[in-house]
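**Q** For reference, the structure I am asking about is given below.
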Amino acid sequence: MPMSGSPDAFCRVWEPPPISSSHECRKGDRRSMDTYPVSESRAAASRGGALLLTSAIVAALGSFLFGFDTAVISGTTQALRGVYSLSDNLLGFTVASALIGTLFGAPLVGRPSDRWGRRPVLAVLGVLYFVSAVGCAFAWDWYSLLIFRWIGGVAVGGASVVSPVYVTEIAPARRRGLLVAVSQLNIVVGILVAYFSNYFVAYVLGAEHPNAWRWMFGIEAAPALLFLAASLAIPESPRWLVKKGHLAKAEDVLTRFGHEAPRREVKEIVQSLGSETAGVRERLFQRRYLKPLLLAGMIAAFNQLDGINAVIYYTADIFSMAGADKAGALMQSVIVGLTNLVMTIVAMLLIDRCGRKMLLLVGSITFVFSHALAAWVFYTHAQGWIVMAAMMGIVGSHAYSQGAVVWVIINELLPNAIRAAGSAVICSLIWLLNIAVSWSF
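Take 2 as the starting number for the sequence shown in my numbering and just add one per residue.
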């Protein structure tokens, strides 16, 4: 989601200062990085590429924890129902409690990340993820569990905004699409690892162990601590530095990231920030924007109303209803998570070649067929392997169509003048429908 803000007034007329000593050659040559010998330029580019990739991976850990935090509850629902004597309605609310937190996290991170920077906000999100994991593991009653799940949801909502923004702002244009895609792919990886983690805990402790569900929640503390520590070690976003008037620091960061012409890029950032300031803010709800808003809203709504998140959150329950024991249900969840990952990668390879509409059409057909197959299996009590095929079909169909295409289409449908505001409204709609589906399933 685009971050708003205005550059300092002097940024509009800024001219690059003389090369600082940090850009000098070893022997006192005051040439810029762009005039270094080829061997030195290549070495600098290689080091910069490594730092860029490392920083992108660190930011993508926020997306990984996003996926992990939302999916880990899948392995705990049966235990929670027994430990806290939860009805179906209360269990649904327990699952939805983290999603309610996302409604607060997503809008709350905007101003802090603009005021203090992307890096400190990423670190704070790491703290929230850690507190949520440890709190859920040691929850003393149902209400404390709800509070800590809500805290995790706040982190999820914040990470859904800040992680892709940071990656977008540090990446060169030629690598931006790939690195942002990797950040989004990490959500799917997080879901898969959460499923595998749940299975691993059940395998080590035993599926019926009274504290297995606590370990399932608590394991998230390890990657959360890694995310916290690593986010403090990466450079700040160069765009944010320019926005705050730290032009020399921004140029230095771009140089460290291996950008080919850091000084020119700083000037381009200044110009783009000036354009944002000079731009006239359009009113969102007016007649000429009604059609793109409705189309984008309907696509976003169907993205949630197809029930995919109910499958993600209740995978183990679904397989248990089909006759699998607890360990078997968790193992089958891993297979579903792997299907999700593979088909997401397939979508990344096909989205530009086949087009967004084709993926949506094909995915919708296979999705309907898979849902119908699942309904038939539970109605006729058919063999369990057919349930697995149906679940793989549902998740795989969503992954290579709606899951991969929805935000691409939404951003392409919304005109530039209302894209930021429109995306915010549609993002809120997605989270609200996600809550409704997960609570009512």
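Beta carbons are placed, not taken as given, at the ideal position from N, Cα and C, and that holds for glycine.
For T340, collect the residues of the same chain with a Cβ closer than 6 Å to its Cβ; drop the 5 residues on either side in sequence, then sort them by chain order.
**A** For T340, where only same-chain residues beyond five positions count, the Cβ hits under 6 Å are M393, V396, G397.
**Q** Does the distance from the CB of I436 to the CB of I411 come in under 9 Å?
**A** Contact flag unset, no.
**Q** Use the C-beta contact count for P165: other C-beta atoms within 10 angstroms, 16 or more gives buried, fewer gives exposed.
**A** Buried, by the Cβ-count rule.
**Q** Ignore the nearest five residues each way along the sequence and tell me which others in V194's own chain have a CB closer than 7 Å to its CB.
**A** The residues are F69.
**Q** Roughly how many angstroms separate the alpha carbons of I74 and A391, rounded to a whole number?
**A** I74 and A391: Cα-Cα distance of roughly 22 Å.
**Q** Considering only their Cβ atoms, is the gap separating Y196 from A325 smaller than 9 Å?
**A** Contact flag unset, no.
**Q** Using three-state DSSP, classify F11 as helix, strand or coil.
**A** Model confidence at F11 stands at a pLDDT of 30, short of 50, so the residue's coordinates are unreliable and nothing is read from them.
**Q** Using the beta-carbon count (16 or more within 10 Å), is G102 buried or exposed?
**A** It is buried - the Cβ of G102 has at least 16 other Cβ atoms within 10 Å.
**Q** Got a sec? Which residues, its chain only, sit under 6 Å from L62 by beta carbon, not counting five neighbours each side?
**A** So the qualifying residues of the chain are F228.
**Q** Mind checking whether P293 and L415 have CB atoms under 9 Å apart?
**A** It is a contact, given that the beta carbons lie within the stated cut-off.
**Q** Check each candidate in P173, L296, A400, T95 and name the one with the smallest Cα separation from L360.
**A** For L360, the nearest C-alpha among the options comes from A400.
**Q** What is the DSSP secondary structure of L229, reduced to helix, strand or coil?
**A** The answer is helix: DSSP assigns L229 an H, G or I state.
**Q** From G93 to N310, what does the alpha carbon distance come to, in whole angstroms?
**A** Cα to Cα, G93 sits roughly 12 Å from N310.
**Q** Name the two residues that bound the continuous alpha helix (DSSP H) containing H399.
**A** Here the alpha helix (DSSP H) through H399 covers 385 to 400.
**Q** DSSP state of G259, grouped into three classes?
**A** Of the three classes helix, strand and coil, the one that applies to G259 here is coil, per DSSP.
**Q** Measuring CB to CB, does N304 end up less than 9 Å from Q185?
**A** Cβ atoms of N304 and Q185: not closer than 9 Å.
**Q** Using CA atoms only, rank isn't needed, just tell me which of R289, N212, V409, S273 is closest to G83.
**A** When each option's Cα is compared against that of G83, the closest is N212.
**Q** Report all residues from its chain with a CB closer than 7 Å to the CB of T169; omit the five preceding and five following residues, and keep chain order.
**A** Excluding residues within five positions, the ones whose Cβ falls inside 7 Å are R177, V181.
**Q** Tell me the rounded alpha-carbon separation between F442 and S88.
**A** Going by the C-alpha atoms only, they are around 12 Å apart.
**Q** Nearest to V407 by alpha carbon, out of I352, I387, T367?
**A** The option with the nearest alpha carbon to V407 is I352.
**Q** Is V369 helix, strand or coil by DSSP?
**A** Three-state DSSP puts V369 in a helix.
**Q** Between which two residues does the alpha helix (DSSP H) carrying W151 extend?
**A** Residues 143 to 171.
**Q** What are the boundary residues of the alpha helix (DSSP H) that R82 is part of?
**A** First-last of the alpha helix (DSSP H) with R82: 78 to 84.
**Q** Is A249 helix, strand or coil by DSSP?
**A** Of the three classes helix, strand and coil, the one that applies to A249 here is helix, per DSSP.
**Q** Less than 8 Å between the CB atoms is what I'm expecting for G159 and V122, so what's the real figure, rounded?
**A** G159 to V122, Cβ: 7 Å. Contact.
**Q** Between A225 and the rest of its own chain, which residues show a CB-CB distance below 7 Å, the 5 nearest in sequence each way excluded?
**A** Around A225: L66, G127, Y130, F131, A134.
**Q** Considering just the uninterrupted stretch of the alpha helix (DSSP H) at V73, what are its terminal residues?
**A** First-last for V73: undefined, no H or E at that position.
**Q** Is it right to say L452 is buried, meaning 16 or more other beta carbons lie within 10 angstroms of its own, or is it exposed?
**A** Missing from the structure shown is residue 452; the chain here goes from 2 to 442 and no further.
**Q** In angstroms, rounded to a whole number, what distance separates the CA positions of D35 and W440?
**A** With a pLDDT of only 44 at D35, under 50, the local geometry of the prediction cannot be trusted, and the value read off the model is given with reservation. For D35 and W440, the distance between alpha carbons rounds to 57 Å.
**Q** Is L233 near A124, with beta carbons less than 9 Å apart?
**A** Their beta carbons are under 9 Å apart, which means L233 touches A124 by this criterion.
**Q** Please decide whether K268 counts as near chain C, where near means a Cβ-Cβ distance under 9 Å.
**A** The structure shown contains no chain C, having only a single protein chain.
**Q** CB R50 to CB E237, shorter than 9 Å?
**A** It should be noted that the sequence gives Gly, not Arg, for residue 50. It is not a contact, given that the beta carbons lie outside the stated cut-off.
**Q** Ends of the alpha helix (DSSP H) at F286?
**A** Premise fails: F286 is in no alpha helix (DSSP H) and is neither H nor E.
**Q** Might you give, ordered along the chain, the residues of its own chain that have their beta carbon closer than 6 Å to the beta carbon of W432, omitting 5 neighbours on each side?
**A** Counting only Cβ-Cβ distances below 6 Å, and skipping sequence neighbours, we find T103, L104.
**Q** Which of helix, strand or coil does DSSP assign to S429?
**A** If DSSP states are grouped into helix, strand and coil, S429 belongs with the helices.
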